[in-house]
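Numbered by my numbering, the letters in the sequence shown go through residues -10 to 261 in order.
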Amino acid sequence: MPEADEVDDEEEMPLSLRLSIADTLTLGNATCGFMAVYFTTTGILIPHLMGSDESGMARHSAATAVILMLCAAIFDLCDGLVARKLRSSPMGAELDNLSDLISFGLAPAYFVLVYGMVAHDAYQRVAAVGAIVVLLAVVLRLARFSCVTVKDGTFQGMPSPFGALTVVSIVLLELPFVATLLAIIGTAWLMVSRVEYPKPRGRLAVAMLAWIVLSMGLLAGWAFDAPSGQLLLQTGCALQLVMGAVIPLFATARRVNNFRDNRREARAAQLP
């Protein structure tokens, strides 16, 4: 009888509705993205609208929101590794895209929008346009990722987690408004570009995980006003921007070198 009950339960629950371990990690990604929006609203936007001058609370909330986006990036990194090692449900790819849209599309775009409302030299409507550009870039990138097949081991365009962290790094650097907006739009363009980015596997995945943990430490030091915390945060944000700019250059240089090598091989093959 117990065996019959187990068979009935399996028949009642379709395979597409069973969550795997990787799917659970993906849902953690979505939860972190939503909570990042929550802390951005309750800790930065609402106090600003109420006329509060408590800068410490805003700093803590901003750091918490960005740390949650970093946690979402860890979940996104781990769910792919777990899915390859174990398994994922048939709806794993859809869950991953939807979670990425929340954590790396909505959350950073909302962060940019709130920045445009609270910064002294920002223009709210222009910042809203920048936020929309970020959101649409992530939407287009995720849609293209589901439809376009690229060679194994690479992404086409800047991955959305990397793009989201680059966007919030630009905001946290507190550059002049025009420079901030141009850098955000440039990052959005990289996400929908055809520049190839390596997939985080093996040593690269470990290096990315270490970078995320280091970034969390820098944000925590900044939030609790540690000695030189502001300088350390700006250094980390600047390094994130440098990586965002250097990786496309290396990818482009590698593509040009491969093209030249192929032409040389073709010419050599045509010689008698």
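The beta carbon of each residue, even a glycine, is placed where N, CA and C say it ideally should be.
Simplified DSSP assignment, three categories, for residue i
i	result
F270	The first residue shown for the chain is -10 and the last is 261, placing residue 270 beyond what the model contains.
E163	coil
D(-2)	Per-residue confidence for D(-2) stands at a pLDDT of 48, beneath the threshold of 50, marking its modelled position as unreliable; no derived number is given.
P79	coil
Y99	helix
M24	helix
T138	coil
P216	coil
L4	Here the model assigns L4 a pLDDT of 46, short of 50, so the residue's position is not dependable, and the following value carries that caveat. Looking at L4 - three-state DSSP - the assignment turns out to be helix.
A111	coil
D68	helix
S182	coil
S204	helix
R244	helix
R249	helix
Strand pairing of residue i, partner residues [DSSP]
i	result
P187	T143
Cβ-Cβ distance between residue i and residue j below 7 Å
i	j	result
C60	C21	yes
G105	T155	no
V181	R130	yes
L162	C226	yes
M205	I91	no
R76	S9	yes
A96	A25	yes
A88	T15	Contrary to the premise, residue 88 reads as Ser rather than Ala in this sequence. For S88 and T15, yes; Cβs fall inside 7 Å.
R207	L222	Just to set this straight, residue 207 is Leu in the shown sequence, not Arg. Cβ atoms of L207 and L222: closer than 7 Å.
V115	G94	no
C-alpha distance - residue i paired with residue j, whole-angstrom precision
i	j	result
F166	H109	9 Å
E254	D12	46 Å
Y186	S41	43 Å
A172	A258	45 Å
A82	C136	12 Å
A120	R256	49 Å
G32	N18	21 Å
L4	N86	Since pLDDT at L4 reaches only 46, below the 50 mark, its modelled position is unreliable, and the value read off the structure follows with that caveat. So the two alpha carbons sit approximately 20 Å from each other.
T29	V103	8 Å
T143	K188	5 Å
A72	R252	39 Å
A168	V122	16 Å
G191	K74	13 Å
P237	R183	10 Å
I201	I63	8 Å
For this session: Could you tell me whether the stretch 47 to 58 touches the stretch 206 to 226, where touching means 3 or more Cβ pairs closer than 8 Å?
Result: yes
Problem set entry | Cβ contact check for the stretch 143 to 152 and the stretch 175 to 190: 3 or more pairs under 8 Å | yes
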